[in-house]
């Protein structure tokens, strides 16, 4: 990094600032109101100047989505490390997931609701840190005789099932139940507890 | 119905035709391209004339969402009636749910991804026919000693868990995995099988 010229450093700094501005627009005005034009306006750039930093709107959204994954990964992985028993560790990382959704709804939307152009989305999905960490935790639990999977079921499939369940809860919370989170959160907690019970009993 | 005047019948017929046109626009051009203006254009109405039938765009979307629930309810309930064992019956209605998502993606989006203004969305949710039918099927399975719920877990919570799981699979299939459905469908099938195994073992 030390071999960057002042111009390169300035470019990187401006680019970061534009991402911060984009994040502000999305948080305050919603995804629908974000465009290269609204970004230029808020950042006091000419519309054409923003294109020196980003090809298009999608490139910025992709950066914010990546940032979301980094936060989610950090939160869930920290939680699995805090608990000593595998079941509790998995439960706490599930709680951390739902907290993230509550605090970063727009990031979550970008991370999941965009149609990806990846040629192999499933392969990419199972390589996400939140995913591989969960698989590792399930494997540890099996070794420690704290987790028991039904015959024919693998740690990878079990992690997939939990993430599908979390994603179901997350999207319902952000849409249908956005006005009634208290009761929904109580039910969600029970859903996650039952999933962990199913693994540990 | 027989006491309707010719004018009332004409009004109802025009309204139905406008809903059909709206459905066509959404299916062919996507939700983003649907507006009262695009509806008027396609239906050869003046923009103001469409407002005689619908207050706004949301009222039409609400009708299409309702129509989606009717189709989904019919499909899942038919499936639970076809199978004789409760486990298989639940599995087949889950398969029917995912087939519906595949065939009516825009309806599904409207049914779930709109933020509802209902004061008690959870109460409304558990009164949906697809939901109550599932609860009934679980209760029947318990009586017949085909389904065993863990201590502390109710048929209503179990139905909620399955629908959350199905919704997680459904939204992932329509977004992240829209380009790679084959592998994803194989995994989804296994997820649903494992859920039924969990209930019946």
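Chains as they are written, first to last, in the numbering used here: chain A, 22 to 222; chain B, 22 to 222.
Each residue gets a CB set at the ideal place from its N, CA and C atoms; glycine is no exception.
In this text, all values refer to a predicted model and were calculated from it rather than measured experimentally.
Length at least 4, wholly inside the region 169-198 of chain A: the alpha helix (DSSP H) runs in chain order = 176-195
ask   = What is the DSSP secondary structure of residue 72 of chain B, reduced to helix, strand or coil?
value = coil
task = Classify residue 28 of chain B as buried or exposed, calling it buried when 16 or more other Cβ atoms lie within 10 Å of its own Cβ.
result = exposed
Cross-chain neighbours of residue 142 of chain B in chain A, by beta carbon under 7 Å = 197, 198, 200, 201
request  = Check whether the Cβ of residue 146 of chain A lies closer than 9 Å to any Cβ atom in chain B.
outcome  = Closer than 9 Å to the CB of residue 146 of chain A there is at least one CB belonging to chain B.
key: Rounded C-alpha distance that separates residue 101 of chain A from residue 153 of chain B   = 36 Å
inquiry  = Just to confirm my understanding: we take residue 45 of chain A, look at its own chain, exclude 5 residues before and 5 after, and list those with CB closer than 8 Å. What are they?
reply    = 63
key: Same chain, Cβ closer than 7 Å to residue 84 of chain B, neighbours up to 5 away in sequence not counted   = Apart from the 5 residues on each side of it in sequence, residue 84 of chain B sits with its Cβ closer than 7 Å to the Cβ of 40 in its chain, given in chain order.
task = Would you kindly work out how many angstroms separate the C-alpha atoms of residue 70 of chain B and residue 53 of chain A, rounded to a whole number?
result = 28 Å
key: Residue nearest to residue 125 of chain B in terms of C-alpha spacing, selected from B:51, B:201, B:35   = B:51
inquiry  = Residues in the same chain with beta-carbon distance under 8 Å from residue 245 of chain B, minus the five sequence neighbours each way, listed in chain order, please.
reply    = Since the first residue shown for chain B is 22 and the last is 222, residue 245 of chain B is missing from the structure and cannot be characterised.
query = For residue 173 of chain A versus residue 190 of chain B, is the C-beta spacing smaller than 9 Å?
reply = no
key: Contact residues within the region 97-126 of chain A, judged by C-beta distance below 9 Å to chain B   = none
ask   = Anyone know if the C-beta pair for residue 163 of chain A and residue 176 of chain A falls short of 9 Å?
value = yes
query = Can you tell which of A:74, A:122, A:79 has its C-alpha closest to the C-alpha of residue 90 of chain A?
reply = A:122
ask   = Between the region 155-184 of chain A and chain B, which residues of the former have CB atoms less than 7 Å from a CB of the latter, in chain order?
value = Cβ contacts with chain B: 171, 174, 178, 181, 182.
task = Keeping to the same chain, check which residues put their C-beta closer than 8 Å to that of residue 94 of chain A; ignore five residues upstream and five downstream.
result = For residue 94 of chain A, where only same-chain residues beyond five positions count, the Cβ hits under 8 Å are 149, 150, 151, 154.
query = For the alpha helix (DSSP H) that contains residue 112 of chain A, what are its first and last residues?
reply = 107-124
ask   = Taking the alpha carbon of residue 210 of chain B as the point to measure from, which residue in B:196, B:130, B:109, B:139 has its own alpha carbon closest?
value = Ranking the options by Cα distance to residue 210 of chain B, first place goes to B:109.
ask   = Terminal residues of the continuous alpha helix (DSSP H) containing residue 42 of chain A?
value = 27-50
query = With a CB to CB cut of under 6 Å and the five nearest residues on each side skipped, what residues in its chain are close to residue 195 of chain B?
reply = 126.
task = Give the C-beta separation of residue 36 of chain B and residue 72 of chain B to the nearest angstrom, bearing in mind that I take them to be a contact with Cβ-Cβ under 8 Å.
result = That belief does not hold up - the Cβ atoms of residue 36 of chain B and residue 72 of chain B are roughly 12 Å apart, past 8 Å.
ask   = Thinking C-beta only, is residue 143 of chain A closer than 9 Å to residue 201 of chain B?
value = yes
ask   = For a contact meaning CB atoms closer than 8 Å, what does residue 80 of chain A contact in chain B?
value = Near residue 80 of chain A there are no residues of chain B at all, since even the closest Cβ is about 19 Å away, more than 8 Å.
inquiry  = Using only CA atoms, which one of B:31, B:119, B:77, B:216 lies nearest to residue 159 of chain B?
reply    = B:216
request  = Have a look at residue 78 of chain B and residue 57 of chain B and give me their C-alpha separation to the nearest angstrom.
outcome  = 6 Å
ask   = Alpha carbon to alpha carbon, what distance is there between residue 106 of chain B and residue 193 of chain A?
value = 30 Å
query = Are the beta-carbon atoms belonging to residue 112 of chain B and residue 214 of chain B less than 9 Å from one another?
reply = yes
request  = Report the neighbours of residue 134 of chain A on chain B: residues whose CB is nearer than 8 Å to its CB, in chain order.
outcome  = 192, 196
ask   = Between the Cα of residue 186 of chain B and the Cα atoms of B:170, B:212, B:47, B:218, which residue gives the shortest distance?
value = B:212
query = What is the DSSP secondary structure of residue 131 of chain A, reduced to helix, strand or coil?
reply = Here residue 131 of chain A sits in helix by DSSP.
inquiry  = Spatial neighbours of residue 129 of chain B within its chain, please: C-beta separation below 6 Å, excluding the five flanking residues on both sides.
reply    = A distance below 6 Å between beta-carbons, with the five flanking residues on each side excluded, links residue 129 of chain B to the following residues of its chain, in chain order: 122.
inquiry  = Counting only beta-carbon separations shorter than 9 Å, does residue 153 of chain B have a partner in chain A?
reply    = no
Selected residue, minimal CA-CA separation from residue 199 of chain A, among B:87, B:34, B:55, B:133 = B:133
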